[in-house]
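Chains as they are written, first to last, in UniProt numbering: chain A, 1 to 465; chain B, 1 to 465.
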């Protein structure tokens, strides 16, 4: 599974499921997806009766490997558009905090400790293993302010073969404690630029890992720091990630810190940070004018419902954001979010949309299909990879997971071990219903294998070809 | 593990955690709990240095077995105060329905099919295995209208050693389809009485299984059926379970069906069904007068947040119910709810309370401690077992789960199998923080053994004494 092992041309045979559009899933029960040694999807066949017929049609694939899914389906790899690898060890710890108190109680001390490369190695390795095990094939990571730890995170992603945007965090104001902040704008830019250079040096084409400029969020950056990061983004053509409008005290804080700005979004726009390569996490409380501005600049939004609920931040109005034409993906936002799973995040997005619906109109509800779209094609658009990943289209690269479900034998399972995971299939279910069962009760046990660019990057004991 | 195997006197050694009050957990890092061969807790020691000291103090326990938990803790078994065993096979299937359309699309056809004892055996066996695997030691089950299938569910619970209230469903109006309803009030009462008699015949003391009178909910029962069930409850002194005020169209339906009643709660009160032995599921939209009436009658409430969210029913105001002095427990309400796990239900209760808080005041928020109380002592009060289970008090019976968490070794886990489950412990965590991590990211993999009344009723490969 090492990143350098050659990939044999492979035909993935059996049921595949992916998004055709925001509201529509394609379920193909007898599919065949041909992936070449570069990891590119060269053909997609439907209504396949026998693999021999596929090989007869595509004669140059006669020696290709075949990977069959017998009692499940292939699904595109998930895309996590916002998470903090550096907060992984705090997962599940909130106490009674909300955003600003949570930062000082739990987050800053933990992040500061990752100056230690030994500690960073443990936490980052474990977190990349965790996200891969949940089927996440692309991840936009916050690191810490430490250049070398952040670079180590990029090394780990490249070695493990997980697509990643890896960002060294910038923050220079006294919202951050003295023991954990950039000491000047100059040093912030220097360290960030050096991290960008390093990440580009280990993967010059950005095929797997790419750098991302990461001002933590407006309150922790001075106006001059933000402006310098905007200039760096323009100079390097790198992606940008930050937070916006997560909770109300934060928004008031931004208004008081940037009195000349007309809105939170305007703070970023003034600094040149609102671009088509920008990922804005949260966007819970944007005003209509801000939504228009974000849409006009082509910036993208990472919806992080688990985190927004856990920290009582609010319910992001995803339907309104989508209606404004903004690209929206899902983010686990560990450890504000309590799970590294995008499947859990799909559920949370659905629940949050129901709370929005209870307070406004039924139109706010996200369907299962829509949540899965946000988790794949939506996320791909947010990280600028919509032409490469998110679905099984000819010409795309094969980022995928094999999903297997548990089947209940006559008489019921009495052992009580349930190694096959939490989903029970009784035999009456259509493929569509199997997908629903997976979305509402599945977990990492159901993701038995994961591929990035055609390379097997994770598998469990239940993976069989 | 058969229900008839004798239980040796056993000392449970190591960390235990349980609720002291609604808002307070007791965490005892060096505990010893002595459980006799009847499953009763005879002593609880704290600050234990060596098991020999415990045996010296309690010299008659010198030959007792010792079960140690090394890297986790003992926690009281969970109590599920409302779930439908008969809907287990539909878990995760909602489509785009809400309550009333969901009943006719998914629920009635599935329940009707359980007239087949073969099918009932498979589904009920699997569901009891599932609930046990999630640490549920007591469960209030809805069966179906079929007496023999319902009796089979009671047999399975008794055989597996899970405490259960098992109810044959009554419904005689044309809200239910012709193929699945009681044909008359007389036959409804006759079948229900026969099921009560059967369940009492297999467990005369009700030590493990007890019958429960189960009018589905007001719209599916005629006034005379409800009144006859009220009389049956008085005659048999059996428990009662039903649904109340789950969603708004349902409430309007009840108002139109029972024009003489002043409220939904009044419908049940008029029929003699609002008693201290009554479990009311949902109670999302009760009026203040109904809350007063429920409190005055001493009836209990099963809070089912996962179901209420999944079906967009609403957010039950749990804080108000608690403040009114009503006993509240948690219910998974499968398959309106999407998980048989009370741990998941704790999280859902916390999330729903945050949505209530966003719309009203911070006082609505449930803490982790409060959710765990509802899952154990709160639930015990709802099913009338508060003097027997829910905590580790001398004189109570030992219903418990052994919780083990995963530990991350230096360098991070690179295998990506994560057999120990979803919780990562890095070594810095206090026991309180381990409990928090378990609540927010744990699952059935962390429940490695389960006891009811001192009897081991479930274990996984990670259980070691």
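All C-beta atoms, glycine included, are put in the ideal place defined by N, C-alpha and C.
Determine the contact status of residue i and residue j, defining contact as a CB-CB distance below 8 Å.
| i | j | result |
| --- | --- | --- |
| residue 261 (chain A) | residue 275 (chain A) | no |
| residue 184 (chain B) | residue 150 (chain B) | no |
| residue 160 (chain A) | residue 128 (chain A) | yes |
| residue 77 (chain A) | residue 389 (chain A) | yes |
| residue 347 (chain A) | residue 439 (chain A) | yes |
| residue 125 (chain A) | residue 156 (chain A) | yes |
| residue 82 (chain B) | residue 333 (chain B) | yes |
| residue 428 (chain A) | residue 91 (chain A) | no |
| residue 266 (chain A) | residue 291 (chain A) | no |
| residue 369 (chain B) | residue 23 (chain B) | yes |
Assuming residue i is part of the beta strand (DSSP E), what are its boundary residues?
| i | result |
| --- | --- |
| residue 72 (chain B) | 72-76 |
| residue 452 (chain A) | 447-452 |
| residue 138 (chain B) | 136-142 |
| residue 404 (chain B) | 400-404 |
| residue 35 (chain B) | 24-35 |
| residue 456 (chain B) | 455-459 |
| residue 318 (chain A) | Looking at the DSSP string, residue 318 (chain A) is not in any beta strand (DSSP E); the run it does join, the alpha helix (DSSP H), is 318-323. |
Grab the span of the alpha helix (DSSP H) containing residue i for me, first residue to last.
| i | result |
| --- | --- |
| residue 102 (chain A) | 99-102 |
| residue 473 (chain B) | Because chain B in this structure spans residues 1 to 465, residue 473 (chain B) falls outside the shown range and cannot be described. |
| residue 60 (chain B) | Per DSSP, residue 60 (chain B) belongs to no alpha helix (DSSP H) and is neither H nor E. |
| residue 266 (chain A) | 264-270 |
| residue 190 (chain B) | 185-202 |
| residue 294 (chain B) | 288-297 |
| residue 130 (chain B) | 117-133 |
| residue 225 (chain A) | 223-236 |
| residue 432 (chain A) | 431-441 |
| residue 377 (chain A) | Here residue 377 (chain A) belongs to no alpha helix (DSSP H), and DSSP marks it neither H nor E. |
| residue 251 (chain B) | 248-257 |
Taking residue i as the query, report the chain A residues whose CB atoms sit under 9 Å from its CB, ordered along the chain.
| i | result |
| --- | --- |
| residue 339 (chain B) | 422, 440 and 441 |
| residue 220 (chain B) | Residues of chain A passing the Cβ test: none, with the nearest at roughly 24 Å. |
| residue 325 (chain B) | Chain A residues near residue 325 (chain B): none, gap ~25 Å exceeds 9 Å. |
Applying a beta-carbon distance threshold of less than 8 Å, which residues of chain B neighbour residue i?
| i | result |
| --- | --- |
| residue 43 (chain A) | Chain B residues near residue 43 (chain A): none, gap ~30 Å exceeds 8 Å. |
| residue 309 (chain A) | 351, 354 and 355 |
Would you kindly work out how many angstroms separate the C-alpha atoms of residue i and residue j, rounded to a whole number?
| i | j | result |
| --- | --- | --- |
| residue 215 (chain A) | residue 451 (chain A) | 31 Å |
| residue 8 (chain B) | residue 398 (chain B) | 13 Å |
| residue 135 (chain B) | residue 456 (chain B) | 11 Å |
| residue 11 (chain B) | residue 237 (chain B) | 36 Å |
| residue 58 (chain B) | residue 407 (chain A) | 48 Å |
| residue 162 (chain A) | residue 123 (chain B) | 40 Å |
| residue 199 (chain B) | residue 211 (chain B) | 6 Å |
| residue 357 (chain A) | residue 174 (chain A) | 39 Å |
| residue 220 (chain A) | residue 111 (chain A) | 15 Å |
| residue 152 (chain A) | residue 120 (chain A) | 8 Å |
| residue 479 (chain A) | residue 109 (chain A) | Residue coverage of chain A in this structure runs from 1 to 465, which leaves residue 479 (chain A) outside it and unanswerable. |
| residue 378 (chain B) | residue 386 (chain B) | 8 Å |
| residue 170 (chain A) | residue 181 (chain A) | 8 Å |
I want to verify the contact list: residues of chain A whose CB lies under 7 Å from the CB of residue i, in sequence order.
| i | result |
| --- | --- |
| residue 175 (chain B) | Ordered by position in chain A, no residue passes the 7 Å Cβ test against residue 175 (chain B), which lies about 23 Å from the chain. |
| residue 410 (chain B) | 122 |
| residue 253 (chain B) | Those within 7 Å of residue 253 (chain B) in chain A number zero; the least Cβ separation is about 19 Å. |
| residue 426 (chain B) | 89 |
| residue 433 (chain B) | 93 |
| residue 436 (chain B) | 92 and 93 |
Quick one: what's residue i bridged to in DSSP?
| i | result |
| --- | --- |
| residue 351 (chain B) | None, per the DSSP bridge assignment. |
| residue 170 (chain A) | A:215 |
| residue 65 (chain B) | B:10 |
| residue 209 (chain A) | A:164 |
| residue 334 (chain A) | A:337 |
| residue 300 (chain B) | B:279 |
| residue 158 (chain A) | None; residue 158 (chain A) has no bridge partner. |
| residue 242 (chain A) | A:280 |
Residue i touches chain A at which residues, Cβ-Cβ below 8 Å?
| i | result |
| --- | --- |
| residue 444 (chain B) | 418 and 422 |
| residue 231 (chain B) | Under the 8 Å cutoff, chain A gives no residues; its nearest Cβ is about 36 Å from residue 231 (chain B). |
| residue 314 (chain B) | 358 |
| residue 126 (chain B) | 408, 412, 413 and 424 |
| residue 62 (chain B) | Under the 8 Å cutoff, chain A gives no residues; its nearest Cβ is about 33 Å from residue 62 (chain B). |
> Between the region 347-379 of chain A and chain D, which residues of the former have a C-beta closer than 9 Å to a C-beta of the latter?
Replying inline: Structure shown: chain D not included; protein chains present are A and B.
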